[in-house]
Structures are given as structure tokens and as C-alpha cells.
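Participant: Taking numbering that gives the first Met the number 0 as reference, the numbering of the sequence shown is continuous, increasing by one, and the terminal residue is 200.
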Amino acid sequence: MLIAQMAASQVALDQVIWIPDRSSPHKSRSSLASFEHRREMVATSIADRPNFVLSPLLSNRSGTSLAIDTLLYLQKSQPDDRLYWIIGADAFQTLPKWPRCREIGAQCNWLVAPRPNPGDGEWEKMQVQTNAIGRRVAEQMALFDVQIQWQVLAMPAIEISSSQIRRYCTEGRSIRYLVPEAVITYIAAHQLYRSPTTANS
């Protein structure tokens, strides 16, 4: 949520489209809630933000979700819009390995969110490391004759990741201030991300 808010303000985005993935080839599904639960949590989180929109794209689609399919859908549904892809630095550095990355790379602008090293929240280091990732990805894509447009988002030096939030839930630790209150209520009501121990406590 924070990354989306920072991107929207820094680049003056008219709209941020949220597309929860049903089955991504880049992530293990073992620790994730079902698609329906994740979609509902997104809807709950953005309910009071009119420029944040939940896409129906993957709601009725089964199988693996590929980035190229998402991009083609957005280009077809919003042909006059300039597209930006908001992405974390960890995922961005894998772009050259994505299926059909040549088609994806040049079709949108990449807004890259830094992630601080564990125990190191210094913004300058985050900025330097993420810019280095961006240059490396640009060089790798250039080998495919693809020029990409990218920029690093200015982010506060705090450590929040989806895996961290899931781990906290599993361990029975508080996630207050890490996610919206409505999402905390939803997770508790549906006992998501709980180990047998925390679920029975």
C-alpha cells in the first residue's frame, strides 16, 4: 500500500490498478492465502481511495499468470494511457528472465521500490543499491535490443514485506501499523497465515 501511495504521488499517476495474481510462476503458493482471500484484502485496503482500482482481470482466469498477459490486457483496455509498472527491486532484477521479457520491457515505464537490507534502514544505501540494480537490468535488456525506462521511487527507510507480514501472523505477532486495520480484522476473522499453534491460541 505504501509503495502504491508513494508511486502515485511522485509520478502523479491518475490511477493505480491492482491485479492480485492467481498463480504466478515466480512465487511459491504454499504460504499464501487463496486468491479469493487476497483479492478481498486488496479490495478492503483500497476501498476509501478513489484512484486505486481493483482489476477483474484474473478473477475468472485459471492457470499461471504471466506478466505479458496482464500487459496486453491493459494495453487493449486502456489504449490511450501511458502505463507504469510498480515493482519491488527484488522482482525487477529478475525481469530479463521473465517469459517474453523483450515484449514487456519497453512497453511500460518501471517504477522500482527499494527494499532496505535487514537491520539497515539507511536511505542512501537503499538508493545506491537499487540504482545499481536498475542499471544492471537495463544493460541486460539492452543485450536483447530493448531499451527500458525506469526510475527509483523515494521510499522511507522502513522494512515491510508481504513475507514479513505473513511470518508475523504465523508467529502470532502484531501486524498493527503494517497493514490497514480493516485487513487486520479480515485476517483474524478468516484465520489466515496461522500455524496450528497460533490458530488454537
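We treat Cβ as the ideally placed atom computed from N, Cα and C, and that holds for glycine.
1) If you run the structure through DSSP and keep just helix, strand and coil, what is Ile-147?
2) Three or more C-beta pairs closer than 8 Å, one from the stretch 131-148 and one from the stretch 81-97: is that the case here?
3) Relative to the C-alpha of Ala-88, which candidate in Glu-102, Val-111 and Ala-105 has its C-alpha closest?
4) Any contact of the stretch 145-156 with the stretch 175-185, i.e. 3+ C-beta pairs under 8 Å?
5) By Cβ distance, which residues of its chain are closer than 7 Å to Val-10, with the 5 residues on each side in sequence left out?
6) Of the residues Gln-14, Ile-18 and Asp-47, which one's Cα is nearest the Cα of Pro-179?
7) Opposite Ala-112 in the DSSP bridges: which residues?
8) Please work out which residues of its chain come closer than 6 Å, Cβ to Cβ, to Ser-54, disregarding the five sequence neighbours upstream and downstream, and give them in chain order.
9) Below 8 Å CB to CB, which residues in the same chain sit around Pro-98 once its five sequence neighbours on both sides are set aside?
10) Could you tell me which residues DSSP puts in a beta bridge with Ile-16?
11) Determine the DSSP secondary structure at Leu-175, reduced to helix, strand or coil.
12) By the three-class DSSP mapping on this structure, what secondary structure does Ser-200 have?
13) In chain order, what residues of the same chain have a beta carbon less than 7 Å from the beta carbon of Thr-129, not counting five sequence neighbours either side?
Facilitator: In short:
1) coil
2) yes
3) Val-111
4) no
5) Tyr-83 and Leu-110
6) Asp-47
7) Gly-87
8) Ile-16 and Ile-18
9) Pro-24, Leu-65, Ala-66 and Ile-67
10) Val-52
11) In the sequence under discussion, the amino acid at residue 175 is Arg, which differs from the Leu named in the question. Here Arg-175 sits in strand by DSSP.
12) With a pLDDT of 48 at Ser-200, under the threshold of 50, the modelled position of that residue is not reliable, and no figure is offered here.
13) Ala-88, Val-111, Pro-113 and Val-151
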